[in-house]
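Participant:
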Amino acid sequence: TLSMSSSHNGTSDTTKTADVSPAAAAPPPPAAVKQPRIQVPSKTARPNVVIVREEDLPPAFVPNQTTFSIEYFSSMSPCTPLTPSDVSFTLTTQLSVDRLWIMKHQCERWPSPLPIAIVVYLPPNAPPNQDSKILNRLEHEMKCDLTRMKITFFQASPDSPIHQYPVNTLRNLALESITTTHAAYIDSDFLISDGLHDDLMTTAAVLANDTHSAVVMPAFEHISNCKITRRQNEVLTCLRSEWDMIPKHHEDIVALREKKERPLVKNGYQSKRGKNKYHGTTMYNAWIESNLSTPIPIPCLKHWTYEPYLAVRVCHDLPKFPEIFKGWGFNKIRWVKILLKKLGFRLWQVSHGFVMHIPHEISISRQKGMDKHPPEFDAYMDWLNTLPAHPDQLPHCSEWKKEHGPLQS
1 TLSMSSSHNG TSDTTKTADV SPAAAAPPPP AAVKQPRIQV PSKTARPNVV
51 IVREEDLPPA FVPNQTTFSI EYFSSMSPCT PLTPSDVSFT LTTQLSVDRL
101 WIMKHQCERW PSPLPIAIVV YLPPNAPPNQ DSKILNRLEH EMKCDLTRMK
151 ITFFQASPDS PIHQYPVNTL RNLALESITT THAAYIDSDF LISDGLHDDL
201 MTTAAVLAND THSAVVMPAF EHISNCKITR RQNEVLTCLR SEWDMIPKHH
251 EDIVALREKK ERPLVKNGYQ SKRGKNKYHG TTMYNAWIES NLSTPIPIPC
301 LKHWTYEPYL AVRVCHDLPK FPEIFKGWGF NKIRWVKILL KKLGFRLWQV
351 SHGFVMHIPH EISISRQKGM DKHPPEFDAY MDWLNTLPAH PDQLPHCSEW
401 KKEHGPLQS
């Protein structure tokens with residue numbers, strides 16, 4: 001029930017093949033190195049809990065700025081070669097207090113004692129000792145084992161606009177906190193499948209040898225009967241009646257594919273025109289038909305706005321999410337574009353695991369984000385487009401088909 005209140009190349013024995021040779025040398029994008037973030041120990045006296053205050057961070061944008069830089073996780077471990085047995089994963093996410101309920105299900109599905117790293121956003125008006133209250137909820141209400149979790153509280157500054165949720169800063173903080181070789185990153189409105197970790201481990205041979213290989217966790221959407229409003233309690237109350245129908249396993253989705261009545265499941269996000277440009281590159285048909293426990297290569301991109309959820313090596317040459325993006329829209333797409341177009345990352349996907357989008361109330365960030373984006377967003381995107389493309393970037397699928405023929409998508 002719902003609760004209210006880091007460098008590697010490899011091969012696979014999959015029947016498909018893909019080039020996983022090291023990317024050709026290319027001029028590196030401009031990089032910037034910042035001082036480590038100031039972390040304050042939590043008053044809870046737990047060694048795995050820290051607080052980061054927004055007012056201690058340098059600004060991500062200076063007015064009228066037109067030139068930017070790609071920042072890297074330079075404080076993380078070197079990207080030394082691994083063996084498949086070295087590969088390990090941390091489930092990584094960020095969330096606001098109103099999304100805390102989903103951690104009950106993440107903790108159930110990501111088997112203990114495997115690590116989980118979360119960053120919890122505390123708004124400017126957060127009451128005193130809210131961090132202690134949240135830890136208590138995680139432990140007793142969500143039944144999470146806190147000893148396997150790394151928890152960072154992000155305290156927003158008093159003058160921080162409530163709708164400017166610093167999503168990319170929170171994502172970076174979560175990645176900075178892990179101690180495993182790889183992170184499986186999801187957002188707080190996505191639920192992992194049961195057994196996702198085991199599916200990720202089938203990609204260890206691919207990831208161990210190539211720091212520029214990333215693994216896609218296919219995204220699906222739960223199409224609900226519930227009316228999506230701005231009231232969280234109304235949405236969660238309705239979702240309780242559908243919870244047992246939300247897929248947990250590969251075979252659940254296969255069985256629901258032909259269902260015509262809600263609740264049902266769709267691939268990724270469906271736009272109003274029926275085109276899935278944000279997740280359409282994912283090899284959904286190959287995933288549905290897969291009966292192998294081997295990773296599926298993704299040889300090309302159907303659209304440049306692809307924004308999958310990825311498992312990546314977290315080491316010093318992984319680029320950070322650009323922290324200039326706050327609020328709703330464009331924040332993850334730009335990071336994926338840096339990986340694919342500027343650094344030549346190669347993509348694979350798990351053959352059975354997935355992440356499922358769960359409907360939720362309309363957030364303040366999205367309400368405000370529907371308006372015109374601030375000028376710094378456009379300035380950053382214009383700058384990013386001036387950077388040279390990597391010679392080994394994934395081609396567009398229209399070009400790939402000219403050489404290789406039809407694509408099993």
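Numbering (my numbering), first residue to last: 1 to 409. Think of the CB as a built atom: it goes at the ideal place given N, C-alpha and C, for glycine as much as any other residue.
1) Name the two residues that bound the continuous beta strand (DSSP E) containing residue 221.
2) Evaluate contact between the region 75-82 and the region 98-115, counting only Cβ atoms and requiring at least three cross-stretch pairs below 8 Å.
3) Roughly how many angstroms lie between the CA atoms of residue 128 and residue 302, to the nearest whole one?
4) Should residue 185 and residue 154 be called a contact, given that it needs their Cβ atoms to be closer than 7 Å?
5) Please report the distance separating the alpha-carbon of residue 161 from that of residue 326.
6) Take residue 118 and list the residues in its own chain whose beta-carbon comes closer than 8 Å to its own, dropping the five residues that flank it on each side.
7) Answer yes or no: do residue 212 and residue 352 have a C-beta to C-beta separation smaller than 7 Å?
8) Find out if the Cβ-Cβ distance for the pair residue 347, residue 214 is shorter than 7 Å.
9) Looking at residue 387: is its Cβ nearer than 7 Å to the Cβ of residue 342?
10) Whose CA, out of 70, 112 and 169, lies closest to the CA of residue 144?
11) Would residue 121 pass as an interface residue toward chain D - the criterion being a Cβ-Cβ separation below 7 Å?
12) What are the start and end residues of the beta strand (DSSP E) that includes residue 149?
13) Can you give me the start and stop residues for the beta strand (DSSP E) that residue 184 sits inside?
14) In terms of residue numbering, what span does the alpha helix (DSSP H) encompassing residue 375 cover?
15) Report, in whole angstroms, the separation of the C-beta atoms of residue 376 and residue 164, which I expect to be a contact under 8 Å.
16) With a 10 Å radius around its C-beta and 16 neighbouring C-beta atoms as the bar for buried, classify residue 404 as buried or exposed.
17) Hey, residue 296 and residue 286: beta-carbon distance below 7 Å or not?
18) Using DSSP bridges, identify the partner residues of residue 117.
19) Measure the Cβ-Cβ separation of residue 172 and residue 331 and say whether it is below 7 Å.
20) Measure the alpha-carbon distance for residue 323 versus residue 59 and round it to whole angstroms.
21) Pick helix, strand or coil for residue 213, following the three-state DSSP scheme.
22) Per DSSP, which one or two residues make a beta bridge with residue 311?
23) Assuming residue 305 and residue 333 form a contact by the criterion Cβ under 8 Å, report the distance between their Cβ atoms to the nearest whole angstrom.
24) Return the bridge partner residues of residue 49 from the DSSP annotation.
25) According to DSSP, residue 346 sits in a beta bridge with which residue or residues?
26) Which term fits residue 30, buried or exposed, when burial requires 16 or more other beta carbons within 10 angstroms of its beta carbon?
Facilitator: On the basis of the coordinates in this document:
1) Judged by DSSP secondary structure, residue 221 falls within the beta strand (DSSP E) whose first and last residues are 219-223.
2) Contact fails: fewer than three Cβ-Cβ distances are below 8 Å.
3) Going from the Cα of residue 128 to the Cα of residue 302 covers about 48 Å.
4) No, they are not a contact pair.
5) Rounded to whole angstroms, residue 161 to residue 326 spans 10 Å at the Cα level.
6) Excluding residues within five positions, the ones whose Cβ falls inside 8 Å are 92, 93, 94, 95, 103, 149, 150, 151, 152 and 174.
7) Going by C-beta atoms, residue 212 is not nearer than 7 Å to residue 352.
8) Yes, the Cβ-Cβ distance between residue 347 and residue 214 is below 7 Å.
9) Yes, the Cβ-Cβ distance between residue 387 and residue 342 is below 7 Å.
10) Looking only at 70, 112 and 169, the smallest Cα-Cα distance to residue 144 is reached by 112.
11) The structure shown contains no chain D, having only a single protein chain.
12) Where residue 149 is concerned, the enclosing beta strand (DSSP E) stretches over 149-155.
13) Here the beta strand (DSSP E) through residue 184 covers 182-185.
14) First-last of the alpha helix (DSSP H) with residue 375: 375-386.
15) Between residue 376 and residue 164 the beta-carbon gap is near 12 Å, outside 8 Å, which marks them as no contact.
16) Exposure of residue 404 is indicated by the presence of fewer than 16 other C-beta atoms within 10 angstroms of its C-beta.
17) Yes, Cβ-Cβ distance for residue 296 and residue 286 is below 7 Å.
18) By DSSP's assignment, residue 117 forms a beta bridge with 92 and 150.
19) The Cβ atoms of residue 172 and residue 331 lie no closer than 7 Å to each other.
20) Residue 323 and residue 59: Cα-Cα distance of roughly 9 Å.
21) In the structure shown, the three-state DSSP call for residue 213 is strand.
22) Beta-bridge pairing links residue 311 to 184 and 215.
23) Between the beta-carbon of residue 305 and that of residue 333 there is about 5 Å, and that keeps the pair under the 8 Å contact cut.
24) Its beta-bridge partners are 151.
25) In DSSP, residue 346 forms a bridge with 213.
26) Annotation note: pLDDT 47 at residue 30 (below 50); position unreliable, no value reported.
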